[in-house]
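Numbering (our numbering), first residue to last: 6 to 122. Where is the CB? At the ideal position from N, CA and C, for every residue including glycine. Values in this document were obtained by computation on a predicted structure and should not be read as measured data.
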Amino acid sequence: MSLGSFFRLKDKVPVEHQTDCVCVYEFLQENNTDYVGETKVRFGSRSNEHLLTDKKSAVYKFKNENPQLNISKEDFRILETGFTRKVDRKLAEALYIKDINPRLNEQVKSWKLSLFN
């Protein structure tokens with residue numbers, strides 16, 4: 006056994022700073038999922054966009070319409086990671102939206118899912 010097997014040689018990278026965190030995530034308020042999304046950018050960057058800069062985001066609009074609520078990055082949580090292909094992320098996102106039915110997700114375009122062609 007090597008000395009490195011007894012100790013962690015590198016600090017664990019916080020989730021919001023992981024660069025390979027291609028994921029499906031949720032936005033929660035009062036323990037209810039209000040939004041589900043997918044991203045290939047850093048999780049921390051995407052949650053910041055929802056809160057501060059992405060004016061088309063449903064979460065951004067919700068935050069501005071409800072200034073009395075204390076909405077922060079801690080209200081975002083990763084549901085699943087490891088999607089290397091965009092189609093896999095989109096499919097997982099669609100399945101989570103179908104299952105959870107979050108109130109802020111406005112589906113402009115959806116993927117048609119079928120079992121048989």
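Are residue i and residue j touching if we call contact CB-CB under 8 Å?
i: Y40; j: F48; result: no
i: L109; j: A63; result: yes
i: Q34; j: L84; result: no
Have a look at the options and flag the residue whose alpha-carbon is nearest the alpha-carbon of residue i.
i: K103; options: T38, L57, R82; result: T38
Only counting the same chain, and skipping five residues up and downstream in sequence, which positions put a Cβ closer than 6 Å to that of residue i?
i: R94; result: E43, F88
i: I76; result: K68
i: K45; result: V27
i: N36; result: none
Using a Cβ-Cβ cut-off of 8 Å (strictly less than) and excluding sequence neighbours within five positions of residue i, which residues of its own chain qualify?
i: Y30; result: V41, G42, E43, T44, F48, R51, S52, F81, R82, I83, L84
Would you kindly work out how many angstroms separate the C-alpha atoms of residue i and residue j, rounded to a whole number?
i: P72; j: L56; result: 12 Å
i: A97; j: E54; result: 21 Å
i: I105; j: K17; result: 31 Å
i: P107; j: T86; result: 19 Å
i: V92; j: E111; result: 19 Å
i: E79; j: Y65; result: 15 Å
i: D59; j: R90; result: 24 Å
i: E70; j: K61; result: 13 Å
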